[in-house]
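Asks:
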Amino acid sequence: MTGPPAVGSRRATTAPPNPAPPTTAPPGTTPPSTTTPSTTTPNTSPPVRTLRVGQIVSVPVGARSVVVGCLLTAAIMTTAVLTLTLGDLGLPVDRLRDMFGHGLSPQEEFVLGRLRGPRLAVAVTAGAGLGIAGALFQTVTRNPLGSPDVIGLAAGAGAGAAAFGLMWTGVLPLPMGALVGALVAMLLVYLGTGHGFSSPARMIIVGIGVNAMALAFIQWIITRTSREQATVIAAYLNGSTASRSWDDVRLMAVALVILLPLAAMLSRRLQVLEMGDEVAESLGARANLTRICTVIVAICCATAAVTVVGPVAFVALTAPQIGRRLTRATGPNIVVAALTGALILALADLIVQQGPLNTQLPVGILTAAVGGVYLGYLLIKEWKRVSV
1 MTGPPAVGSR
11 RATTAPPNPA
21 PPTTAPPGTT
31 PPSTTTPSTT
41 TPNTSPPVRT
51 LRVGQIVSVP
61 VGARSVVVGC
71 LLTAAIMTTA
81 VLTLTLGDLG
91 LPVDRLRDMF
101 GHGLSPQEEF
111 VLGRLRGPRL
121 AVAVTAGAGL
131 GIAGALFQTV
141 TRNPLGSPDV
151 IGLAAGAGAG
161 AAAFGLMWTG
171 VLPLPMGALV
181 GALVAMLLVY
191 LGTGHGFSSP
201 ARMIIVGIGV
211 NAMALAFIQW
221 IITRTSREQA
231 TVIAAYLNGS
241 TASRSWDDVR
251 LMAVALVILL
261 PLAAMLSRRL
271 QVLEMGDEVA
281 ESLGARANLT
291 RICTVIVAIC
301 CATAAVTVVG
311 PVAFVALTAP
321 QIGRRLTRAT
331 GPNIVVAALT
341 GALILALADL
351 IVQQGPLNTQ
361 LPVGILTAAV
371 GGVYLGYLLI
381 KEWKRVSV
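Written as structure tokens, this is what we have:
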């Protein structure tokens with residue numbers, strides 16, 4: 001009798017199951033997919049193209065931004081026609097065709113070349129400069145209140161103009177004082193933050209303090225001047241486009257030709273910067289350098305505008321916000337912000353020229369009144385967002 005086999009004499013093996021034969025799809029048919037179907041929502045946002053100028057400038061351009069830009073341009077042209085044709089000194093519409101020729105009468109040439117032409121051009125160019133400055137400042141500070149009006153640049157320019165009007169009357173013009181005052185105000189903000197321009201929150205806080213000190217200094221200067229000097233300083237501090245010349249237009253035009261391409265070059269990096277410094281650094285963007293360059297360009301834009309028209313309030317605050325809501329863009333749209341600022345200041349100038357009772361108010365008073373209401377709206381909206 002044969003006994004059972006010894007344990008461990010031979011390892012039992014189990015044959016693997018026969019694999020199923022591969023299935024092949026019949027010719028002309030698509031084999032079924034073995035991957036999990038995607039559940040992501042299709043992208044329904046409008047396509048964004050990139051506008052390239054040479055090898056340096058690369059600006060993302062959306063279809064909605066192009067449409068909004070065209071509409072804003074048409075609105076600016078309409079405002080320009082109304083500015084030149086309305087009122088007792090307005091030109092007939094059919095005479096506008098001869099504005100670049102020699103078919104105008106001496107009176108019409110005076111109105112176009114001395115009164116309304118430079119005033120209109122200054123309003124458009126200075127408004128564009130303020131719009132660019134506001135868009136850059138708000139992006140750097142990541143705050144809708146970050147504008148030259150809030151962080152002390154406009155008040156510093158006014159303080160510089162007031163100081164020059166008191167100490168060097170008739171020697172240096174008030175715009176030169178505005179330039180020096182704006183630069184000093186931004187230097188105080190830079191030093192007061194303790195971290196340069198790398199801390200957006202501190203920029204806002206220190207800027208509010210610099211703004212308050214500059215306003216107090218302006219009031220002290222006015223109390224120390226004569227009545228005639230105080231009148232000149234107050235007229236400049238209100239912000240006005242009246243009595244401007246083509247030299248002022250050339251100054252703003254040169255500033256825009258230089259600064260607008262620089263701002264457009266920075267806009268793409270600013271979109272990355274809005275994600276946070278860590279994300280921007282991981283994507284290859286130098287956050288601190290980008291922020292410093294942006295602040296410098298914004299200071300130059302705002303200073304050029306304030307030098308020409310004075311510290312016109314709230315244009316730099318409202319123009320970028322309105323432009324962003326029109327385009328529904330996630331980042332700064334420099335061109336739309338510039339066009340919006342130009343339209344706001346041109347419309348305000350048209351209203352004060354054709355206002356009731358022929359009061360001829362400084363344009364800064366109207367923008368301050370409307371901008372104050374908009375500032376209150378922003379504060380209420382921010383309060384509701386935080387409370388929720």
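If you count the sequence shown from 1, position 156 lands on 156 in UniProt numbering, and the numbers rise without skipping.
In this text, a Cβ means the ideal position worked out from N, Cα and C, and glycines have one as well.
None of these values were measured; they are calculated from a predicted model.
1. What are the complete alpha helix (DSSP H) segments, minimum 4 residues, inside the segment 286-313?
2. DSSP three-state call for E382: helix, strand or coil?
3. Nearest by alpha-carbon distance to V180: which of G355, I344, V306 and L379 is it?
4. Should M186 be labelled buried (16 or more other beta-carbon atoms within 10 Å of its own) or exposed?
5. Between the C-alpha atoms of A126 and R328, what's the straight-line distance to the nearest angstrom?
6. For N333 versus S147, is the C-beta spacing smaller than 8 angstroms?
7. Would you check if the segment 148-167 and the segment 282-297 touch, i.e. whether three or more CB-CB distances between them fall below 8 angstroms?
8. Report the rounded CA-to-CA distance for P32 versus L259, giving the unit in angstroms.
9. So L350 packs on T83, CB below 8 angstroms; how close in whole Å?
10. Can you list, in chain order, the residues of its chain with a C-beta nearer than 7 angstroms to that of I296? Leave out the 5 residues immediately preceding and following it.
11. Between the Cα of V206 and those of L215, L191 and A263, spot the shortest distance and give me the residue it belongs to.
12. Use the C-beta contact count for Y377: other C-beta atoms within 10 angstroms, 16 or more gives buried, fewer gives exposed.
13. Can we say the segment 114-132 touches the segment 159-169, given the rule of at least three CB pairs closer than 8 angstroms?
14. Could you tell me whether the segment 330-344 touches the segment 126-135, where touching means 3 or more Cβ pairs closer than 8 angstroms?
15. Quick one: residues in its chain with C-beta nearer than 6 angstroms to the C-beta of L225, no 5 flanking neighbours on either side, listed in chain order?
16. From I221, R244, T241 and S243, pick the residue whose C-alpha is nearest to that of I233; which is it?
17. Take L86 and list the residues in its own chain whose beta-carbon comes closer than 6 angstroms to its own, dropping the five residues that flank it on each side.
18. How many Å lie between L262 and S282 at the Cα?
19. Alpha carbon to alpha carbon, what distance is there between A159 and A255?
20. Please go through the same chain and pick out, in chain order, the residues whose beta-carbon is closer than 6 angstroms to the beta-carbon of F137, but skip the five residues on each side of it.
21. Is the beta carbon of A135 less than 8 angstroms from the beta carbon of A157?
22. Where does T44 land, buried or exposed, given buried means 16+ other C-beta within 10 angstroms?
23. So for I151, helix, strand or coil by DSSP?
24. Look at the alpha carbon of M252 and the alpha carbon of A348, and state the distance between them as a whole number of angstroms.
25. Relative to the alpha-carbon of Q107, which residue among S198, G62 and P92 has its alpha-carbon at the smallest distance?
Replies: Once the coordinates are examined:
1. 287-309
2. For the purposes of this step, residue 382 is identified with residue 382 of the sequence shown, where counting begins at 1. Reduced to three states, the DSSP call for E382 is helix.
3. For the purposes of this step, residue 180 is identified with residue 180 of the sequence shown, where counting begins at 1. Comparing Cα-Cα distances from V180 to each of G355, I344, V306 and L379, the minimum goes to V306.
4. Position 186 of the sequence shown, counted from the start, is the residue given in the question as residue 186. Under this definition M186 is a buried residue.
5. The sequence position of residue 126 within the sequence shown is 126, counting from 1. The sequence position of residue 328 within the sequence shown is 328, counting from 1. Roughly 25 angstroms separates the two Cα atoms.
6. Counted from its first residue, the sequence shown places residue 333 at position 333. Counted from its first residue, the sequence shown places residue 147 at position 147. Cβ distance not < 8 angstroms, so N333 and S147 don't count as in contact.
7. no
8. In the sequence shown, counting from the first residue as 1, residue 32 sits at position 32. In the sequence shown, counting from the first residue as 1, residue 259 sits at position 259. The predicted model places P32 with a pLDDT of 49, which falls under 50 and marks its position as unreliable, so this point remains unresolved.
9. Mapped onto the sequence shown, residue 350 falls at position 350. Mapped onto the sequence shown, residue 83 falls at position 83. Yes, they are in contact, since the Cβ atoms of L350 and T83 sit about 5 angstroms apart, within 8 angstroms.
10. Position 296 of the sequence shown, counting from 1, holds the residue named residue 296. Hits under 7 angstroms: none found.
11. Looking up residue 206 in the sequence shown gives position 206. V206 has its Cα closest to that of L191, out of L215, L191 and A263.
12. Looking up residue 377 in the sequence shown gives position 377. That one is exposed.
13. no
14. yes
15. Taking the first residue of the sequence shown as 1, we reach residue 225 at position 225. Per the sequence shown, the amino acid found at residue 225 is Thr instead of Leu. Result list for T225: L166, in chain order.
16. Locating residue 233 in the sequence shown gives position 233, counting from the first residue. Out of I221, R244, T241 and S243, I221 has the C-alpha closest to the C-alpha of I233.
17. Within the sequence shown, the letter at position 86 stands for residue 86. Closer than 6 angstroms at Cβ, skipping near neighbours: Q354.
18. Taking the sequence shown and counting its residues from 1, one reaches residue 262 at position 262. Taking the sequence shown and counting its residues from 1, one reaches residue 282 at position 282. Approximately 24 angstroms between the Cα atoms of the pair.
19. For the purposes of this step, residue 255 is taken as residue 255 along the sequence shown, with counting starting at 1. For the purposes of this step, residue 159 is taken as residue 159 along the sequence shown, with counting starting at 1. Approximately 22 angstroms between the Cα atoms of the pair.
20. Working through the sequence shown from its first residue, we reach residue 137 at position 137. Here the set comprises G146, S147 and A298.
21. Numbered from its first residue, the sequence shown carries residue 135 at position 135. Numbered from its first residue, the sequence shown carries residue 157 at position 157. Contact flag unset, no.
22. For the purposes of this step, residue 44 is taken as residue 44 along the sequence shown, with counting starting at 1. For T44, the pLDDT reaches just 43, beneath the cut-off of 50, and the residue's location in the model is therefore unreliable, although a value from the coordinates is still provided. When all chains shown are included, T44 counts as exposed.
23. The residue given as residue 151 occupies position 151 in the sequence shown. Three-state result, I151: coil.
24. As a working mapping, residue 252 is identified with position 252 in the sequence shown. As a working mapping, residue 348 is identified with position 348 in the sequence shown. Using only the alpha carbons, I get a separation of about 19 angstroms.
25. Taking the first residue of the sequence shown as 1, we reach residue 107 at position 107. Q107 has its Cα closest to that of P92, out of S198, G62 and P92.
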